[in-house]
Structures are given as structure tokens and as C-alpha cells.
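Residue numbers (my numbering), protein chains in the order written: chain P, 5 to 396; chain W, 5 to 396.
Take a look at the structure below.
2 protein chains.
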Amino acid sequence: MPLDHQGPLGRLRQGHEELILRLLRTHGPLSRGELGRLSGLSRTTLYDIVAALADGGAVVGTTPVPAERRRGRPVETLTLHPDAGQAIGIDFARRAVHVAAVNVAHEVIGSASQAHAADLGWEDRVDLAERLVAGLAGGTLRLGALSGIGVGVVGPVDDVPPDDTPRAARPALADLPLLLRKRFGVPVLLDNNTRLAALAEATWGAAAGVQDVLYLRLSYGVGGGLVVGGALHRGAHGLSGEFGHITAEPEGRRCSCGKDGCLETVASIGAVLDAHGTAADLPAFLAALPHDPAAAQVLDTVGTRIGTVLAAVCNAIGPDVTVLGGELAAAGPALFRPVERALLEHLMPISRSRADLRAAALGEAGGALGAIALVLHESPLLARYPAPDSLE
Amino acid sequence: MPLDHQGPLGRLRQGHEELILRLLRTHGPLSRGELGRLSGLSRTTLYDIVAALADGGAVVGTTPVPAERRRGRPVETLTLHPDAGQAIGIDFARRAVHVAAVNVAHEVIGSASQAHAADLGWEDRVDLAERLVAGLAGGTLRLGALSGIGVGVVGPVDDVPPDDTPRAARPALADLPLLLRKRFGVPVLLDNNTRLAALAEATWGAAAGVQDVLYLRLSYGVGGGLVVGGALHRGAHGLSGEFGHITAEPEGRRCSCGKDGCLETVASIGAVLDAHGTAADLPAFLAALPHDPAAAQVLDTVGTRIGTVLAAVCNAIGPDVTVLGGELAAAGPALFRPVERALLEHLMPISRSRADLRAAALGEAGGALGAIALVLHESPLLARYPAPDSLE
Chain P
5 MPLDHQGPLG RLRQGHEELI LRLLRTHGPL SRGELGRLSG LSRTTLYDIV
55 AALADGGAVV GTTPVPAERR RGRPVETLTL HPDAGQAIGI DFARRAVHVA
105 AVNVAHEVIG SASQAHAADL GWEDRVDLAE RLVAGLAGGT LRLGALSGIG
155 VGVVGPVDDV PPDDTPRAAR PALADLPLLL RKRFGVPVLL DNNTRLAALA
205 EATWGAAAGV QDVLYLRLSY GVGGGLVVGG ALHRGAHGLS GEFGHITAEP
255 EGRRCSCGKD GCLETVASIG AVLDAHGTAA DLPAFLAALP HDPAAAQVLD
305 TVGTRIGTVL AAVCNAIGPD VTVLGGELAA AGPALFRPVE RALLEHLMPI
355 SRSRADLRAA ALGEAGGALG AIALVLHESP LLARYPAPDS LE
Chain W
5 MPLDHQGPLG RLRQGHEELI LRLLRTHGPL SRGELGRLSG LSRTTLYDIV
55 AALADGGAVV GTTPVPAERR RGRPVETLTL HPDAGQAIGI DFARRAVHVA
105 AVNVAHEVIG SASQAHAADL GWEDRVDLAE RLVAGLAGGT LRLGALSGIG
155 VGVVGPVDDV PPDDTPRAAR PALADLPLLL RKRFGVPVLL DNNTRLAALA
205 EATWGAAAGV QDVLYLRLSY GVGGGLVVGG ALHRGAHGLS GEFGHITAEP
255 EGRRCSCGKD GCLETVASIG AVLDAHGTAA DLPAFLAALP HDPAAAQVLD
305 TVGTRIGTVL AAVCNAIGPD VTVLGGELAA AGPALFRPVE RALLEHLMPI
355 SRSRADLRAA ALGEAGGALG AIALVLHESP LLARYPAPDS LE
């Protein structure tokens, strides 16, 4: 993981670099003299930092052709490299690869998806991702200028092992960062794709800019993620956001995780279809919903369970906004109404007026967008180029 | 609230000040020349920053008497002011005031408590706190050198209003920071005392140094707090950690909060005594426990409810350590065993081997100690004097 384990002096130096980059971003092109005055750094330190940033390609110097004659040689001005700060996100979902990319201004410049067989190998998935990325935004993305790749994967992501450590518990995943780094030549950050979707909703989606967000995804599995203080919350051993495995029915069915009565055994797409009994798949169920009281009744029961579990989590962590996503959220009010009713019933009364339940906004691109958000938040390289609106 | 709302230039300057203070803390006394070399700041900036810090009393200059003859005038060295960095914590509990203090090295130098009637007014409680503080550590605490006061109070603490804003919803509390600031003349930080106890356990107690901690307090009320990434988690509107109001028995008793079946209706001291039926108070209940199967049975049922609720929260947020505190925790294994059994039963199987349930270590001083920890973490004044072990 490209996390920072430098000592105090390394950190001090990085702080100076970040300061210079921030000044260039906020003020635009500046001369060394102006940078010195604005930063308070000594001439020696400043020249040293600028030289390193120029060597690394983050900063470029331009000497303007003087529009009018002046004395002495023209003063070189420094600017951020226009390509620095591009990032891509790749979501390796169960049966599809989703990719998205942002430019230097951290605007999303494109996203793409392609379905594949569930048993496709990692080499082939990475090939697929590379082709999708190459086609993004009409090829305007320069792979050579990438600052980082964020990657979403299915299942819990514990501390990612070093690239060269084969991992018995999850050998395929352990090799993925290395595979991607070889292919793209930049740092790779990996996390659970559902948690990344939570971060995406809090960055660009239904809860954009909200500091504390609870995101629940209702799909073939049930999971979620927490954004705490604007950052993705991981928890010990990467096991936060497992709302699907909170016990919803103590005497309920055995869950794939091994315990009984998890929310996932009640609120997954499969569980909903089972409870309904006749719809062949989710589209058929959703199509029948407006004129099928049995379907509405199933969602009422399911929504009540969901709302009760959400209330427990909300009482514990007090999110500003709760976001419901995943394919099942397309059921709309037939699901949201019972969820909200049970949520309010089991919230502390003092919290009820502040409950804010929203539908997810980003759909299937959420994981890839969240992977980008992860890179923008966490990469020591990209953190140096904060988006303009993230500056204090 | 003494939070920082400066613009970028103010922040830049504060960053430089923090850098100088950190260097003095880690390196000990330094000359201006050494500070310039270590900080990378220009001579002008450095002298300006040092002058401001000396004016504010944070830094003092000493000119050593040369032990041997040297040429030129002796070089002044700069050190942190020995009294800067003292802080006190005050916990205004329902029927007692607890105080604690730390010295410049952030070592706890003393704590004290005094019980009072539940209806004692705020002026009198503050008087009581002041007398307790004055007696701390044999009077070695210099009130004039205080950097900040952290204060714990009962009940939810929303955004604290400005000092001069009377607050209809909680008028007594709204005046408290002003009252304390007038009395002690330093910034006051206020939070819920149970949440502060969580921070204390994660700073000096059962989970010292642990990043993600869930703390549940079983007393006459049931509450708790979350430490996330080493910092106190507040949640939206200051309503995080309300584990006592998670529904534990859907058909259960009406809670003081207004909803039904809250954990507090099952696991508070009052609920335990009610369920037992004969013990007059908690000491009597605890004394009877070793030879009273009915008491053990009550705790088995209560512990099961507690563990089930804790598991839901753990699945959601994945803490490293779960701490049980409050007077009821003194029941020991008769309570902890059923809690742990239910916790493991309802945790995701993958998380079970990592569950770490501990008894709180700080007792009734926890709130006051947590109030100090809050000041050390959050005061813009004290944040400039990080404890040595908190430095990267």
C-alpha cells in the first residue's frame, strides 16, 4: 500500500511540498519569489522543494516571452503540470468490470462497464479493465500521467498484503495490486466495492459533501459502508459496514456467512424473490409491484426489517444521511416507506426529526467512482493536488 | 467553541507555529539558528513566529552562562514554557463532580471527586469544581498556566452555542461554558461525559492506544461512546453512542426516551434490580450474586441482550476493542460471560476470533480524564503541545 511511513523529517518535507502545490493551485502560476513570500520558506528550502517537484513532473516552469521589452532576463513562473492528478477507478464486481476516470480538476470525465462470466480470471478482468480505460473519454486520458488507481473488489478487504506476498486466504486478490501496478505503472489502492460506493455517494452522489453517511446496498448480497468525518471508515481488520450480517431475525434462516437470521437472509434480492414465490427475477418482481399486493406485502416486511437494523446503527453512530442503494432500491416508495417507518420507530425520539433517508444516486458506477474518491483522499501522491473546493 | 475558523494565511501561520513548538518539544532547547535549519523557514518568518510565541508565553528564551569562555555573545536558546500545557478535566455527573489534571508532559497529576445533591445549581457545582481543582496535587497546578478545560456533562451535547446565546432547549448547560471561562479564564470544551469516558478508556484506560473503540456504560442509564481512528466520534447533532436506545426487546417496556424496548429498559441498574425483585440496591445485588442463582439468571438474560446489541454495532463499525464500564460491570464474569456469548453468536463468523471484550479500567474518573483527553486532542492551543508519544 502506498501509505506514508516516513519519519518526521520526511513529513516536514512533504508538508512543504503540499504547501507549494496548494499555493500554485489556488494562486495559479507564481514565480519563485512570490512562492517564497507566500510560503514563508527560506530560499534554500524553497528551491530544493521546487526542484524535486519539477523532477517528479508535478510542477513545470515556463518563461514567458515578454510582451514588451523589459530589463534583465524574464522571470520563470511555475505551474502545476496540466496532466498531474488524473486518476482512474476500477470496480471488479462479481460479473462485470466498471471503470471511471477524473481529470486534473477532479471532474469525472467518463465511465464504462462491461459484463463478463462470473468465473473470468483476474488476468482477463484486468485486460477488460485496460480496454475500457483506454476507451474512456475518447482516449483523452493519458495513462502516462495517471497519479493512481483505485480498485474495488467484492468481499471484505483486510490489510492488503505487500505485492510479493502470496496470501493463502485470498490468493487471487493478493496478486491483483501487483498485476495492476505492472499494467498501469502507478500506485494501486484497494477496498471493498460496496464501501467504495458509500464513499462515492458521499463525494459525488446522494449525500455529496455530507460528513457522516450510512450507505446500505440491497443487491444479491446486502452490505454497506460508513463515511465518518468525510473519510471512509474501515474498522478493525477492514470489517466495518457489514450491515447485511446484523441479526434481523434471531430465529431466521442460516446465512451464507454461517450465522442465523442476518439481514441478508431477509433483504437480499434472492430473499425477496423467495418470499414472493412467483417472480422469476428482480425485473419481473419490480414490474409486478404496482398491481401485486403480495409483492408490496413482501417489501413491507422486508422494509421493516431493514429500517429496524438501520435504526440500531443510526442510534450507535448518528449519521447525517442514510443512503439506500443497490438494485432493490429501484422498488421505490414500496420499499422506502416501510424502511422509513421502522427507522423512525426505532430511532431515539430526539433523533427522529433529523432522520434523512435518501435513494442512492450513482447506480452501478458507484464502486468505480468511490475507488477514485479513495485515491483522491488517500494517495500520498494525489493528496497533494486537492480539488479547489476542498481547500479551506 | 475555540475552534479555528481562520483563513488560509492564518492556518499557514499556525502551521509554522506548530512546527516550531513540535521541534522544541522533540529536540529540547534550540537556538534560532538551529530552529531555522530544522524547520526550513526563512529567517524573517522564523523570528516573527518565535516573537509571537514568546509574547504569548508559550516559548521562553534563556541565555546560558557560558561554562567556559567563548568568543562573542552567548547564543540564546528557546524552550517551551514549563507551565504551558497544563489542562484540567471536570465531569459534572448527576450527583457528583469529578476533576482531574495533567501536567505539561500530559501525565495525570491528580483527580478528586465530591458527591452532591442532584438538584445543586450550576453556580454551586462550579464552586465545588473550583475547590476540588485548587486542592489537586497539593496545589502544584497553576491555574494561570492552564491551557484549557474539558468538561463532561450528562445527556446529549449538540453543537454548543456561543457563550452569549441563551438556549431554550438547555438553558442551564448553555451558560456553563461561559461560567467556567469567567472562573478559569481559559477555553472550555464540552461534551457528553459518557462519550468522554470512552475517549479516556482509549487514551489512558482499558483500550489505551487503540484506534477504534466501542465503549458501553452500564449505570443508572445506559450509554456509550465510539472512538474512531483515535478520535471521539460525535455523529450528526452530537447523537452518536446512544447504544442504550437501540431496541433490544421490540415488545419491551417504555423507555424514558419515549420509545419501547430500548437496551436501557433491560440493562440499566434499575432494570436489573427490578428484574431481580428483592435486592435493595446495586451493592446488595452484587453482594448476593455469588450465592443467588436468581441474580445470576437476571444477569444472564441481561448480558444476552447486551451482547446482541453490541454485535449489531460491531458488525456495523468493526471496533478493535469493546469496553464495558459503569457500576454494573462490577458484576464481573456473571455479566461478561453472557455478553461475550451473545456477542460472538451474533458477530459475523469472520470477526469472531478478533472480538476483544474488556472491562473498563478508569472507573468514575473516566469522564474527567476524557475531558482532558478532549482538550489535548482538540484545543487549538493545546494541540500545539502534542504529547511526545503522539508524534509521528
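Heads up, the beta-carbon is just placed ideally off N, CA and C, and yes, glycines get one too.
Contacting residues, own chain, Cβ-Cβ under 8 Å from residue i (five flanking each side not counted)
i: LEU351 of chain W; result: ALA315, CYS318, ASN319, ALA359
i: ALA283 of chain W; result: LEU277, PHE289, ALA292, ALA299
i: VAL155 of chain W; result: GLY93, ILE94, ASP95, PHE96, LEU180, PRO181, LEU184, VAL192, LEU193, LEU194, ASP195, ALA375
i: PRO287 of chain W; result: none
i: ALA119 of chain P; result: ARG99, ALA100
Cross-strand partners of residue i (DSSP beta bridge)
i: SER35 of chain W; result: W:THR81
i: GLY329 of chain P; result: P:ARG221
i: VAL157 of chain W; result: W:PHE96, W:ASN196
i: CYS266 of chain W; result: W:THR251
i: SER117 of chain P; result: P:HIS102
i: ARG258 of chain P; result: P:ASP264
i: GLY152 of chain W; result: W:ALA91
i: VAL112 of chain P; result: P:VAL106
CB contact below 8 Å: residue i versus chain P
i: ARG358 of chain W; result: yes
i: ASN319 of chain W; result: yes
i: ALA172 of chain W; result: Caution is warranted here: a pLDDT of 49 is assigned to ALA172 of chain W, below 50, making its placement in the model unreliable, and no coordinate value can be reported.
i: ILE24 of chain W; result: no
i: LYS186 of chain W; result: no
i: ASP216 of chain W; result: yes
i: LEU82 of chain W; result: no
i: ALA271 of chain W; result: no
i: THR308 of chain W; result: no
i: THR251 of chain W; result: yes
i: PRO353 of chain W; result: yes
i: THR49 of chain W; result: yes
i: SER46 of chain W; result: yes
i: GLY2 of chain W; result: Residue 2 of chain W lies beyond the residue range present for chain W, which begins at 5 and ends at 396; the question has no answer from this structure.
i: THR67 of chain W; result: no
i: ALA316 of chain W; result: yes
Residue i, enclosing beta strand (DSSP E) - first and last residue
i: HIS237 of chain W; result: 235-237
i: LEU194 of chain W; result: 192-196
i: ALA272 of chain P; result: According to the sequence provided, residue 272 of chain P is Ser. The question's Ala does not apply to it. SER272 of chain P -> no beta strand (DSSP E), and no H or E assigned at all.
i: GLN90 of chain P; result: 90-96
i: HIS102 of chain P; result: 100-106
i: LEU124 of chain W; result: Premise fails: LEU124 of chain W is in no beta strand (DSSP E) and is neither H nor E.
i: LEU361 of chain W; result: 361-363
i: LEU230 of chain W; result: 226-232
i: VAL64 of chain P; result: 63-66
Chain W within 8 Å of residue i, Cβ atoms only
i: GLU246 of chain P; result: yes
i: ASP304 of chain P; result: no
i: ALA377 of chain P; result: no
i: PRO342 of chain P; result: no
i: LEU177 of chain P; result: no
i: LEU28 of chain P; result: no
i: HIS20 of chain P; result: yes
i: THR282 of chain P; result: no
Own chain, CB closer than 7 Å to residue i, minus 5 neighbours either side, in chain order
i: VAL79 of chain W; result: SER35
i: HIS20 of chain P; result: LEU45, THR49, ILE53
i: GLY139 of chain W; result: ALA116
i: ARG187 of chain P; result: VAL130, GLU134
i: GLN215 of chain P; result: GLY233, GLY234, ASP324
Start and end residues, alpha helix (DSSP H) containing residue i
i: LEU50 of chain W; result: 47-59
i: GLN301 of chain P; result: 297-321
i: ALA346 of chain W; result: 337-350
i: ALA283 of chain W; result: Counting along the chain, ALA283 of chain W falls outside any alpha helix (DSSP H), and DSSP gives it neither H nor E.
i: SER355 of chain P; result: 353-356
Spatial neighbours of residue i in its chain, beta-carbon cut-off 6 Å, leaving aside the 5 residues before and after
i: LEU339 of chain P; result: LEU303, GLY307
Contact list for the stretch 211-243 of chain W against chain P, Cβ threshold 7 Å: Per Cβ criterion, the list reads ASP216, LEU230, VAL232, HIS237, GLY239, ALA240, HIS241, LEU243.
Which of the residues in the stretch 322-339 of chain W, read from start to end, lie with their CB under 7 Å from any CB of chain P? Per Cβ criterion, the list reads GLY322, PRO323, ASP324.
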